[in-house]
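Have a look at the structure below, then the notes.
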Amino acid sequence: MERPRHRRHAPRARRLRERRRGGPRGRPRPAGGDGVIWLVPELVLDPDGLRRGVAVRIEDGLIAEVAAADEAPADALRLSRTALLPGFVNAHSHAFQRDLRGAVERIDPQNPDDDFWTWREEMYAQAGRMDPDAIHDVARRCYRQMRASGATAVGEFHYVHHRPDGTPYERPNALAEAVCAAAEAEGLRIALLLVAYERGGEGIAPTPGQRRFCDPTAKAYLARLDALRAWAADRPLVTVGAAPHSMRAVSPAWLTAISDYTRAHGLPLHIHADEQPREIDESLAWYGLRPVQVIDAAGALDARTVIVHGTHCDDAELDVLAARGAGVCVCPTTEANLGDGYAPVRRMFERGIPVSLGSDSNTILDPIVEARELEAMARRTAGQRNVLVRPGDPGPAGYLLECSWDSGARALGLSLPRIRAGAPADLIALDLDDDEIAGVTDENLAAAIMLAGSSRLVTRTWVAGA
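Going left to right, the sequence shown walks through residues 88 to 553 as this note's numbering numbers them.
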């Protein structure tokens, strides 16, 4: 008996040929002349809902018009059996960690109790091998797949700054610039979150593996942040934010200085917190406060702040986050890979804390899977189904899309993802005939994409219309 062919397998060779020619997942040729692109999908799906019979005109990197499909010119790009969506926002990435795939998935017989802290030593060794060329190469490979998977913007939490011995490069931001250039080369929007690193812990000098992350003073770090902002000013795909690494790595005084700067300049501020129980124990021993409380006491917690992970936040910390309007970026596949635990996403949801999503170590690059795992975490901890459901929604798909779109964009200080005039033309096309969602009704399409689909649905990606 002949084995049935998968619906996506039959045209696979054709799609690969098109990719090599710069086709579907590359950058389509303009339709309409004068640098204008017209797209005519079968349907569009964004926070405003699902619409059929529309055409989208793109000009100068923006959506210039959403019109009736019959108003599109004859040479419009007609995307039959395709859904057009805003691209997803990946709010937390360490691109260089992409090259750890596989290498850290084995037990060391000399140290069988493998955990986050043993993984961190492997990660430091990988960071030690980075120079501007190496980090550019791994970032390009990472961002190429990130874009192909449906992400159109990334928050790059970048902390490999100096030479391995800690001395600066001639261009102090050489490595950050190399990472940004990699994103530009792959046509990915990037918010470079420049990491501040002071120490190995309260009263603890940096380890040899941490020296290249560190600046001597908060003033020196802010000078580099100033310089990077000036460098990025005329680069349309690049924005810049600040990222005190964690309360382990920066003192409260540094946190206050950096927060004052970001508040003055309207920049996002991201910081790791509550990823590991040991981090909480150290914070209590050093300050008598949990990590989120330390950040709040330093004046660094407000609506511009994003706590990365928050895996072990208690109710008091969540109450503070909600009161300050701060967000949390959860990275489900990495947190699972590292054995971090389950983030209290239901309690975040119930408090109205904005939750964005990140690929973090980039072991897996699939924004749909990241979103689905958010709901899966809530189900596993609650022992229920359909947990993260907003009032008036039929199920969790709407909230998962909110996390993937609006919460991610707000976390990075970007425009909200919409298919409407004036919005950035950061878009993805999904194959409605793929077996993952084929035969699904319009009513159930968003749920099928987010709870049964994956990045293989993505056939084309546009960032700023290209």
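For each residue, glycine too, the CB sits at the ideal point set by N, CA and C.
{"Asked": "Please report the distance separating the alpha-carbon of A182 from that of R216.", "Found": "14 Å"}
{"Asked": "DSSP state of C418, grouped into three classes?", "Found": "coil"}
{"Asked": "In angstroms with no decimal places, state the Cα-to-Cα distance between V407 and D220.", "Found": "42 Å"}
{"Asked": "Under a Cβ-count criterion, where at least 16 other Cβ atoms within 10 Å of its own Cβ denotes burial, should R459 be classed as buried or exposed?", "Found": "buried"}
{"Asked": "Nearest-angstrom Cα distance between E362 and T398?", "Found": "5 Å"}
{"Asked": "Can you tell me where the beta strand (DSSP E) holding G136 begins and where it ends?", "Found": "G136 to R139"}
{"Asked": "Using the three-state DSSP reduction, which class does L324 fall into: helix, strand or coil?", "Found": "coil"}
{"Asked": "Look up S443 in the DSSP assignment and say whether it is helix, strand or coil.", "Found": "strand"}
{"Asked": "Is N198 buried or exposed, if buried means 16 or more other CB atoms sit within 10 Å of its CB?", "Found": "exposed"}
{"Asked": "Cα separation between L324 and G242?", "Found": "12 Å"}
{"Asked": "Tell me, please, whether the region 155 to 164 touches the region 430 to 443 by the rule of three or more beta-carbon pairs shorter than 8 Å.", "Found": "no"}
{"Asked": "Compute the distance between the beta-carbons of R144 and W125, then report whether it is under 8 Å.", "Found": "yes"}
{"Asked": "Would D72 be called buried (16 or more neighbouring beta carbons within 10 Å of its own) or exposed?", "Found": "One cannot answer for residue 72 here, as it falls past the ends of the chain, which runs 88 to 553."}
{"Asked": "Smallest Cα separation from L514: which of A235, E158 and D302?", "Found": "A235"}
{"Asked": "Based on Cα-Cα distance, which residue from D200, R335, V415 and R185 lies nearest to G426?", "Found": "D200"}
{"Asked": "Assign I277 to buried or exposed, taking buried as 16 or more other Cβ atoms, counted over all protein chains shown, within 10 Å of its Cβ.", "Found": "buried"}
{"Asked": "Quick one: grab the DSSP three-state call for H352.", "Found": "helix"}
{"Asked": "Measure the CB-CB distance between E257 and W318 and report whether it falls below 8 Å.", "Found": "no"}
{"Asked": "Given I222, which residues of its chain have a CB within under 7 Å of its CB, disregarding the five upstream and five downstream residues?", "Found": "F183, V247, L262, A265 and V266"}
{"Asked": "Quick one: give me the first and last residue of the alpha helix (DSSP H) that P378 is part of.", "Found": "P378 to A384"}
{"Asked": "Given that a residue counts as buried once 16 or more other Cβ atoms are within 10 Å of its Cβ, and exposed if not, what is Q471?", "Found": "exposed"}
{"Asked": "Looking at C-alpha atoms only, which residue of M464, G122, G148 and Y230 is the closest neighbour of G509?", "Found": "G148"}
{"Asked": "Which residues in the same chain as M537 place their Cβ atom closer than 7 Å to its Cβ, once the five residues preceding and following it in sequence are excluded?", "Found": "I455, A458, R459, A484, L487 and L488"}
{"Asked": "Spell out the partners DSSP gives A278 in its beta bridges.", "Found": "G242 and T326"}
{"Asked": "Check A118 in the structure and name its three-state DSSP category.", "Found": "Per-residue confidence for A118 stands at a pLDDT of 44, beneath the threshold of 50, marking its modelled position as unreliable; the derived number appears in the next sentence. In this structure, A118 counts as coil in the three-state DSSP scheme."}
{"Asked": "Mind checking which residues open and close the alpha helix (DSSP H) that includes W492?", "Found": "No alpha helix (DSSP H) contains W492, which DSSP labels as neither H nor E."}
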